[in-house]
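Everything on this sheet refers to the single structure shown next.
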Amino acid sequence: MESTETAAARRLDGKVVAEAIRESLKPRIARFSASAGRPPGLGILLAGDDGGSEIYVRNKVRACEALGIRADLQRLPAEASLDEVMAIVAGFNAADAVDGVLVQSPLPPGMGADAEQQVFDAIDPAKDVDGFNPVNVGRLVQNRPALAPGTPSGIIELLERNGIPIEGRRAVVIGRSDIVGKPMAALLLHRHATVTICHSRTRDLPAVASTADILVAAIGRPGFVTADFVKPGATVIDVGTSRMTDRDRVAALFGRDSPRLEVIERRGATVVGDVHPGVAAVAGALTPVPGGVGPLTIAMLLSNTVRAAEARR
Ligand code: GUN
Numbered sequence: 001m002e003s004t005e006t007a008a009a010r011r012l013d014g015k016v017v018a019e020a021i022r023e024s025l026k027p028r029i030a031r032f033s034a035s036a037g038r039p040p041g042l043g044i045l046l047a048g049d050d051g052g053s054e055i056y057v058r059n060k061v062r063a064c065e066a067l068g069i070r071a072d073l074q075r076l077p078a079e080a081s082l083d084e085v086m087a088i089v090a091g092f093n094a095a096d097a098v099d100g101v102l103v104q105s106p107l108p109p110g111m112g113a114d115a116e117q118q119v120f121d122a123i124d125p126a127k128d129v130d131g132f133n134p135v136n137v138g139r140l141v142q143n144r145p146a147l148a149p150g151t152p153s154g155i156i157e158l159l160e161r162n163g164i165p166i167e168g169r170r171a172v173v174i175g176r177s178d179i180v181g182k183p184m185a186a187l188l189l190h191r192h193a194t195v196t197i198c199h200s201r202t203r204d205l206p207a208v209a210s211t212a213d214i215l216v217a218a219i220g221r222p223g224f225v226t227a228d229f230v231k232p233g234a235t236v237i238d239v240g241t242s243r244m245t246d247r248d249r250v251a252a253l254f255g256r257d258s259p260r261l262e263v264i265e266r267r268g269a270t271v272v273g274d275v276h277p278g279v280a281a282v283a284g285a286l287t288p289v290p291g292g293v294g295p296l297t298i299a300m301l302l303s304n305t306v307r308a309a310e311a312r313r
């Protein structure tokens with residue numbers, strides 16, 4: 001029997017688009033390296049031992065190296081102080097061979113609730129490849145050239161390269177984070193969508209969501225967006241990446257014959273999106289998890305690093 005995950009909706013493949021983005025960067029990296037006498041450089045700081053961050057950072061370093069971007073990974077233990085983080089950021093800001101600076105989030109909780117904001121404030125806006133510094137956030141909101149966060153920028157690339165129109169369409173973004181929801185809304189607005197942002201206190205969420213031609217789910221709750229949230233034919237973008245380890249919960253979402261159960265056997269967990277598999281029968285186009293938005297985030301980080309390098313010369 002075919003699983004519900006492979007039903008009607010067209011699958012928007014993030015790996016294909018990410019590969020196309022990486023290909024387009026290769027000649028730019030070669031040109032930059034030839035004229036600068038060095039490759040573009042990305043300074044990455046990983047503080048603490050968060051398992052997810054460990055994997056993300058490893059993937060970022062590998063992606064840089066595969067493309068000829070020099071990754072300078074600095075690590076700090078979970079007990080490190082905010083001052084130590086700031087000292088490394090200051091070093092990256094001052095280093096001529098470092099074009100982009102990335103401090104992996106989350107920082108260890110012991111650094112305090114507003115540590116991340118302080119760190120993002122301290123990153124040189126010209127090197128802020130995550131687009132989290134308030135200068136870049138402000139420029140993005142004003143629709144001026146800015147380094148913009150990777151996940152929402154990657155989603156725009158995915159829509160545009162798949163010929164999905166944005167102008168004049170209704171877009172609903174579920175989630176209001178600084179990393180995804182808010183910048184996603186700004187990028188869609190600047191491409192002339194009519195944009196609504198929903199969140200945990202939105203009343204009658206399914207009714208609002210089902211007005212969307214483009215629905216972006218970025219809440220981090222596995223399978224939360226069910227078919228009743230989705231207008232038939234809508235494009236649904238699933239930003240969720242929840243690790244699930246419980247076979248019974250996964251079977252309840254995806255069915256007893258889902259290949260995900262075997263993934264749990266082999267790897268101990270399966271990565272699950274915010275969108276319920278039943279949405280595939282209603283949506284016109286849908287991003288898979290994994291293999292949808294995830295690969296684009298890293299491709300856009302590489303793109304921002306090359307852009308920052310070119311702009312600094
Ligand atoms: N943690 C989760 N997503 C991100 C991201 O895009 N950038 C950084 N620096 N940390 C993250």
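Per the working numbering, numbering through the sequence shown is continuous, rising by one, with the last residue being 313.
We put the CB at the ideal spot given by N, CA and C, even for glycine.
Evaluate His199 with the Cβ neighbour count: other Cβ atoms within 10 Å of its Cβ, from every protein chain shown; 16 or more gives buried, anything less gives exposed.
Reading the sequence shown from its first residue, position 199 is the one you call residue 199. Classification of His199: exposed, given that the 10 Å Cβ count is below 16.
Would Val103 and Pro295 be called neighbours here (beta carbons separated by less than 9 Å)?
In the sequence shown, the residue the question calls residue 103 occupies position 103. In the sequence shown, the residue the question calls residue 295 occupies position 295. Going by C-beta atoms, Val103 is not nearer than 9 Å to Pro295.
Closest residue to Ala63 among Leu42, Leu76, Gln74 and Gly51 (Cα-Cα distance)
To locate residue 63, count along the sequence shown from 1; it is residue 63. Out of Leu42, Leu76, Gln74 and Gly51, Leu42 has the C-alpha closest to the C-alpha of Ala63.
Assign Ser303 to one of two classes, buried (16 or more other C-beta atoms within 10 Å of its C-beta) or exposed (fewer than that).
One-based indexing of the sequence shown puts residue 303 at position 303. By the 16-neighbour rule on beta-carbons within 10 angstroms, Ser303 is buried.
Between Phe229 and Leu215, is the Cβ-Cβ spacing less than 9 Å?
The count along the sequence shown starts at 1 and reaches residue 229 at position 229. The count along the sequence shown starts at 1 and reaches residue 215 at position 215. Note that the C-beta distance between Phe229 and Leu215 is below 9 Å.
Cβ-heavy atom distance, Gln104 to the ligand GUN, below 8 Å:
What you label residue 104 is simply residue 104 of the sequence shown in a count that begins at 1. Yes, since a heavy atom of the ligand GUN falls inside the 8 Å radius drawn around the Cβ of Gln104.
Host alpha helix (DSSP H) of Met244 (start-end):
If you number the sequence shown from 1, residue 244 lands on position 244. Per DSSP, Met244 belongs to no alpha helix (DSSP H); it is in the beta strand (DSSP E), Ser242 to Met244.
Let's see if you can read the secondary structure: which residues bound the alpha helix (DSSP H) around Gln117?
Within the sequence shown, numbered from 1, the residue matching residue 117 stands at position 117. Here the alpha helix (DSSP H) through Gln117 covers Ala115 to Ala122.
Buried or exposed for Lys60, going by 16 or more other Cβ atoms inside 10 Å?
Within the sequence shown, numbered from 1, the residue matching residue 60 stands at position 60. Residue environment for Lys60: buried (at least 16 other C-beta atoms within 10 angstroms of its C-beta).
Need the endpoints of the beta strand (DSSP E) that Arg70 sits in, please.
Taking the first residue of the sequence shown as 1, we reach residue 70 at position 70. Element bounds for Arg70: Arg70 to Leu76.
Boundaries of the beta strand (DSSP E) in which Thr226 is found, first to last residue
Locating residue 226 in the sequence shown gives position 226, counting from the first residue. Per DSSP, Thr226 belongs to no beta strand (DSSP E) and is neither H nor E.
In chain order, what are the residue ranges of uninterrupted alpha helix (DSSP H) at least 4 long that sit wholly in the stretch 134 to 195?
Uninterrupted alpha helix (DSSP H) stretches at least 4 residues long and entirely within the stretch 134 to 195 occur at 134 to 141, 150 to 161 and 181 to 190, given in chain order.
Are the Cβ atoms of Pro134 and Phe120 separated by less than 9 Å?
What you label residue 134 is simply residue 134 of the sequence shown in a count that begins at 1. What you label residue 120 is simply residue 120 of the sequence shown in a count that begins at 1. The Cβ atoms of Pro134 and Phe120 sit closer than 9 Å to each other.
Just checking Leu42 against the ligand GUN - is the residue's beta carbon closer than 8 Å to any of the ligand's heavy atoms?
Mapped onto the sequence shown, residue 42 falls at position 42. Outside the cutoff, so no.
In whole angstroms, give me the CA-to-CA distance for Asp248 and Ala20.
Walking along the sequence shown from the start, residue 248 turns up at place 248. Walking along the sequence shown from the start, residue 20 turns up at place 20. Their Cα atoms are separated by approximately 38 Å.
In whole angstroms, what separates the C-alpha of Ile197 from that of Gly233?
Here residue 197 corresponds to residue number 197 of the sequence shown, with the count starting at 1. Here residue 233 corresponds to residue number 233 of the sequence shown, with the count starting at 1. When rounded, the distance between both Cα atoms is 20 Å.
N-terminal and C-terminal residue of the beta strand (DSSP E) that Ile214 is part of
For this step, residue 214 is matched to residue 214 along the sequence shown. Looking at the DSSP string, the run of the beta strand (DSSP E) that includes Ile214 is Ile214 to Ala217.
Between Gly150 and Thr241, is the Cβ-Cβ spacing less than 9 Å?
Stepping through the sequence shown from its first residue, residue 150 is reached at position 150. Stepping through the sequence shown from its first residue, residue 241 is reached at position 241. Against a cut-off of 9 Å, the Cβ pair of Thr241 and Gly150 comes out as no contact.
Host alpha helix (DSSP H) of Asp238 (start-end)
Here residue 238 refers to the residue found at position 238 of the sequence shown. No alpha helix (DSSP H) holds Asp238; the beta strand (DSSP E) holding it covers Thr235 to Asp238.
For the beta strand (DSSP E) holding Thr270, just list the boundary residues, first then last.
As a position in the sequence shown, residue 270 is number 270, starting the count at 1. Thr270 -> beta strand (DSSP E) spans Thr270 to Val272.
Does DSSP classify Leu42 as helix, strand or coil?
In the sequence shown, counting from the first residue as 1, residue 42 sits at position 42. Leu42: strand per DSSP, three-state reduction.
For the ligand GUN, is there a heavy atom less than 8 Å away from the beta-carbon of Thr202?
Translated into positions along the sequence shown, residue 202 becomes position 202. Outside the cutoff, so no.
Which residues does DSSP list as the beta-bridge partners of Ala299?
In the sequence shown, counting from the first residue as 1, residue 299 sits at position 299. None; Ala299 has no bridge partner.
Any non-hydrogen atom of the ligand GUN within 8 Å of Pro108 CB
Numbered from its first residue, the sequence shown carries residue 108 at position 108. Checking the Cβ of Pro108 against the ligand GUN gives no.
Evaluate Ile55 with the Cβ neighbour count: other Cβ atoms within 10 Å of its Cβ, from every protein chain shown; 16 or more gives buried, anything less gives exposed.
The residue given as residue 55 occupies position 55 in the sequence shown. The residue is exposed, with fewer than 16 neighbouring Cβ atoms inside 10 Å.
Which partner residues does Ile88 have in the DSSP bridge list?
By 1-based counting over the sequence shown, the position of residue 88 is 88. The partner list for Ile88 (beta bridge, DSSP) is empty, contrary to what the question assumes.
Would you mind reading off the limits of the alpha helix (DSSP H) that contains Gly110?
For this step, residue 110 is matched to residue 110 along the sequence shown. DSSP places Gly110 outside any alpha helix (DSSP H), giving it a letter other than H or E.
How would you call Asp130, buried or exposed, if buried means at least 16 neighbouring beta carbons within 10 angstroms?
By 1-based counting over the sequence shown, the position of residue 130 is 130. Residue burial annotation: Asp130 is buried, with at least 16 other C-beta atoms found within 10 angstroms of its C-beta.
Relative to the C-alpha of Ser81, which residue among Ile264, Leu46, Ala309 and Arg144 is closest?
Here the question's residue 81 lines up with position 81 in the sequence shown. A check of alpha carbon separations from Ser81 across Ile264, Leu46, Ala309 and Arg144 identifies Leu46 as the nearest.
Pull up the distance between the alpha-carbon of Gly52 and that of Gly163, whole angstroms please.
Taking the first residue of the sequence shown as position 1, residue 52 is located at position 52. Taking the first residue of the sequence shown as position 1, residue 163 is located at position 163. About 33 Å.
Contact set for Ser153: own chain, Cβ-Cβ below 6 Å, skip 5 residues either direction
Walking along the sequence shown from the start, residue 153 turns up at place 153. Correct list, in chain order: Met300.
Let me know if Pro39 comes out buried or exposed under the rule of 16 or more other beta-carbons within 10 Å of its beta-carbon.
Numbered from 1 along the sequence shown, position 39 holds the residue referred to as residue 39. Around the beta carbon of Pro39, 16 or more other beta carbons lie within 10 angstroms, which makes this residue buried.
Within its chain, find whatever has a CB closer than 6 Å to the CB of Arg10; leave out the 5 residues flanking it on each side and keep chain order.
For the purposes of this step, residue 10 is taken as residue 10 along the sequence shown, with counting starting at 1. These residues qualify, in order along the chain: Ala285.
What's the C-alpha gap between Met86 and Asn93?
In the sequence shown, the residue the question calls residue 86 occupies position 86. In the sequence shown, the residue the question calls residue 93 occupies position 93. So the two alpha carbons sit approximately 10 Å from each other.
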